[in-house]
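Engineer: Can you keep this structure in mind? I'll have questions shortly.
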Amino acid sequence: MTTLKERIQHDLTGAMRARDETRKSTLRMLISAVRNAEIPPEGTTEATAIALGDAEVTEIVLRQVKQRRDSIEQFRKAKREDLAAKEEAELSILLEYGPRQATREEVEVAARRVLTETGATSVKEIGKVMPLMTKEFAGRADGRLINEVVRALLGA
774 MTTLKERIQH
784 DLTGAMRARD
794 ETRKSTLRML
804 ISAVRNAEIP
814 PEGTTEATAI
824 ALGDAEVTEI
834 VLRQVKQRRD
844 SIEQFRKAKR
854 EDLAAKEEAE
864 LSILLEYGPR
874 QATREEVEVA
884 ARRVLTETGA
894 TSVKEIGKVM
904 PLMTKEFAGR
914 ADGRLINEVV
924 RALLGA
């Protein structure tokens, strides 16, 4: 069974052979982020790289996904659809290596359940709901989506 890091490296080779520039640059950026995370911190006596497991590599993928989502939002605000489209292409590639993303319907079902469990009925009580929701959907749903769904159900 191959690790996530090996899968990314293998897919990079395939992208290079297929001359898929977007996939190639995105995967190179991801591999670079993983390698940077493997560098031991300053001041440690250990000179060897830290071997990252699939969980750590997944965290790096999720950070990259969040960066792309933030960039897309900023480019749209600046009316730079060309750059937003480039970031969306990279985002779709990165999502292949992260956990399956929850749908809006899945978030709504969970939000209804959590609202019932906590007894929250107004937006003032969102502080009871959000920690439970973000814990449940860690890495599987964007915080903005969760917030949007919870606020809609609370009538904001």
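With the working numbering applied, the sequence shown corresponds to residues 774 to 929, in that order.
Beta carbons are placed, not taken as given, at the ideal position from N, Cα and C, and that holds for glycine.
A quick note: this is a predicted structure, and the numbers were derived from the prediction, not measured.
I need the straight-line Cα distance from Q805 to E854, nearest angstrom please.
Structural biologist: As written in the sequence, residue 805 is Ser, which differs from the Gln given in the question. Roughly 26 Å between the two C-alpha positions.
Engineer: With a CB to CB cut of under 8 Å and the five nearest residues on each side skipped, what residues in its chain are close to A884?
Structural biologist: V902, M906, I919, V922, V923, L926
Engineer: Report the CB separation of I845 from A857 in whole angstroms; it is logged as a contact under 8 Å.
Structural biologist: The C-beta separation of I845 from A857 comes to about 5 Å, placing the pair in contact by the 8 Å criterion.
Engineer: At which residue ranges does the segment 858-912 contain complete alpha helix (DSSP H) runs of 4 or more residues, listed in the order of the chain?
Structural biologist: 877-891, 899-909
Engineer: Between which two residues does the alpha helix (DSSP H) carrying G787 extend?
Structural biologist: 777-791
Engineer: Could you give the first and the last residue of the continuous alpha helix (DSSP H) run that contains E829?
Structural biologist: 827-850
Engineer: Which residue's Cα is closest to the Cα of E811: A851, G900, R917, E829?
Structural biologist: E829
Engineer: Express the C-alpha separation of D793 and R886 in angstroms, rounding to a whole number.
Structural biologist: 44 Å
Engineer: Can you tell me where the alpha helix (DSSP H) with T799 in it begins and where it stops?
Structural biologist: 794-811
Engineer: Any idea what DSSP makes of L927, helix, strand or coil?
Structural biologist: Reduced to three states, the DSSP call for L927 is coil.
Engineer: Select from A875, G871, T891 the residue whose C-alpha is nearest the C-alpha of I781.
Structural biologist: G871
Engineer: Are Q837 and L803 closer than 8 Å when you measure CB to CB?
Structural biologist: yes
Engineer: Does DSSP classify E854 as helix, strand or coil?
Structural biologist: helix
Engineer: If we ignore side chains and look at the alpha-carbon of each, how far apart do L825 and R790 end up?
Structural biologist: 27 Å
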